Amino acid sequence: MSQFPKPERQCDDPNCPFHGSLKIRGRILEGVVVSDKMEKTVIVRRDFMRYIPKYKRYERRHSHIPAHNPPCIDAQENDRVKIAECRPLSKTVSFVVVQKMEVK
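Numbering follows numbering that gives the first Met the number 0, with no gaps: position 23 of the sequence shown is 22.
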């Protein structure tokens, strides 16, 4: 957890990697929050390019990843965030928001 800055706000969420007991491991990804309508969960959109050998070109693709949103970070829609892999928290959620990126 030393690679991510600790948030200023405190929280009592047991699934917070900073103030709870949730361990992060595996992949660390970046994306944009497209939905924050769920309670403590956000949908993060990742854009990437995929190469098509037949046409020797790239196509734009995206994926939506549900991630746990701890109260101390509280990511809103259109925020650029870093998410890290963790143990499965529910049927679909296996990532947690660890950092809100600065808006440029």
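Ideal placement from N, C-alpha and C gives every residue a C-beta, glycine not left out. All values derive from a computational prediction rather than experimental measurement.
Through-space distance from residue j to residue i, alpha-carbon basis
| i | j | result |
| --- | --- | --- |
| serine 93 | proline 69 | 14 Å |
| valine 32 | isoleucine 72 | 13 Å |
| asparagine 14 | glycine 25 | 17 Å |
| tyrosine 57 | arginine 79 | 24 Å |
| aspartate 12 | arginine 49 | 37 Å |
| arginine 8 | phenylalanine 47 | 32 Å |
Beta-carbon proximity of residue i to residue j, cut-off 9 Å
| i | j | result |
| --- | --- | --- |
| alanine 74 | lysine 99 | yes |
| isoleucine 64 | isoleucine 82 | yes |
One or two residues paired with residue i in a DSSP bridge
| i | result |
| --- | --- |
| isoleucine 82 | Leu28 and Val96 |
Residue i at chain B interface by Cβ criterion, 9 Å
| i | result |
| --- | --- |
| phenylalanine 94 | Among the protein chains of the structure shown there is no chain B, as only one such chain exists. |
Which runs of the beta strand (DSSP E) at least 3 residues long sit entirely within the segment 0-65? Give them in chain order. 23-37 and 40-51, all fully within the segment 0-65.
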